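Q: Just remember that the numbering used here sits 854 ahead of the position in the sequence shown, which is counted from 1.
Got a structure for you, questions after.
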Amino acid sequence: MPARLPSWAWVTGLTTGAIAVVAVLAVQADQGAKPTAATSRPSASATADAKPSAQPSAQPEAERKPVAVPDGSGTGRRIVYSLGQQRVWLVDASDAARRSFTVWPGTVPPDPGSYTIGTRTEATTGSDGVEIEHILYFTAKSGVSVAFSNAVDGSSPPPPASGARTGGIRVAKADGEALWAFGTAGTTVRVVE
């Protein structure tokens, strides 16, 4: 009769295998095609005054014009957040924008400057009562934490209650997943006007 492996050996083997698969997929994703800018939210012609829509543009991806990374946003691998454009860029070490998307800012904007990703939280409830995930904290202002996040259900944030002070910069679900993969602890965040 063949010897049976103890249950802990099966669990250890399966866990090790799962970690290896995730690591391989992460490396493949990091080494995949690097588009100059991918807009997965409203088209690049959206104005700073317009509220970003949760609906993707009806225009095919290939026909959308990439949105240039703002001048004066630094160099090297970084996350760039433009307050005026309500847009984020994920920029690789060669200064190429790998992804760009619009955001829904909170009521307490960060000051322009250079920050780093500090705490990362997988999931919690936002100050607006919405279940959020992929939370990347990078600063605080007037006692309010400022972080990128996405709603678990993929929805855009509800309008804040009158007088509410929120520092969450909400992104679409797919963009939140991309930010989470890109924005490891210590990643530079450049906030520009």
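Cβ coordinates follow ideal geometry from the N, Cα and C atoms, glycine included.
Since the model is a prediction, treat every value here as computed from it, not as a measurement.
1. Measuring CA to CA, which of Tyr969, Phe1002, Arg952, Val942 is closest to Thr1022?
2. If we call anything under 7 Å between Cβ atoms a contact, is Asn1004 one with Gly1030?
3. Using beta-carbon positions only, say whether Val1045 and Gly967 come within less than 7 Å of one another.
4. Which residue wins for smallest C-alpha separation from Arg952, given the options Glu987, Thr970, Arg931?
5. How long is the line joining the alpha carbons of Arg974 and Ala1039, rounded to whole angstroms?
6. Could you say which of Thr929, Ser927, Ala1035, Pro924 lies nearest to Glu987 if we only look at CA atoms?
7. For Pro924 and Thr1020, what's the separation of their Cα atoms in angstroms?
8. What three-state label does DSSP hand Ser894 in the structure shown?
9. Determine the DSSP secondary structure at Gly967, reduced to helix, strand or coil.
10. State the DSSP-derived secondary structure class of Gly1030, mapped to helix, strand or coil.
11. Give the single residue among Ser981, Val945, Ser1009, Pro964 whose Cα lies nearest to the Cα of Ala1015.
A: Taking the coordinates as given:
1. Within the sequence shown, the letter at position 168 stands for residue 1022. Looking at the sequence itself, residue 1022 is Gly, so the reference to Thr does not match. With distances taken between Cα atoms, Gly1022 lies closest to Phe1002.
2. Here residue 1004 refers to the residue found at position 150 when the sequence shown is read from its first residue. Here residue 1030 refers to the residue found at position 176 when the sequence shown is read from its first residue. In contact: Asn1004 and Gly1030 (Cβ atoms closer than 7 Å).
3. For the purposes of this step, residue 1045 is identified with residue 191 of the sequence shown, where counting begins at 1. For the purposes of this step, residue 967 is identified with residue 113 of the sequence shown, where counting begins at 1. Yes, they are a contact pair.
4. Residue mapping note: residue 952 aligns to position 98 of the sequence shown, counting from 1. Of the listed residues, the one whose Cα sits closest to Arg952 is Arg931.
5. The residue given as residue 974 occupies position 120 in the sequence shown. The residue given as residue 1039 occupies position 185 in the sequence shown. Cα to Cα, Arg974 sits roughly 7 Å from Ala1039.
6. In the sequence shown, counting from the first residue as 1, residue 987 sits at position 133. Comparing Cα positions, the closest option is Ala1035.
7. Position 70 of the sequence shown, counted from the start, is the residue given in the question as residue 924. Position 166 of the sequence shown, counted from the start, is the residue given in the question as residue 1020. Near 25 Å, if we compare the C-alpha coordinates of Thr1020 and Pro924.
8. The residue labelled residue 894 in the question sits at position 40 within the sequence shown. The predicted position of Ser894 is uncertain, since its pLDDT is 37 and thus under 50; a value taken from the coordinates is nonetheless stated next. Coil at Ser894, not helix or strand.
9. Counting from one through the sequence shown, the residue named residue 967 turns up at place 113. Gly967: strand per DSSP, three-state reduction.
10. One-based indexing of the sequence shown puts residue 1030 at position 176. In the structure shown, Gly1030 sits in a helix (DSSP, three-state: H, G or I).
11. For this step, residue 1015 is matched to residue 161 along the sequence shown. When each option's Cα is compared against that of Ala1015, the closest is Ser981.
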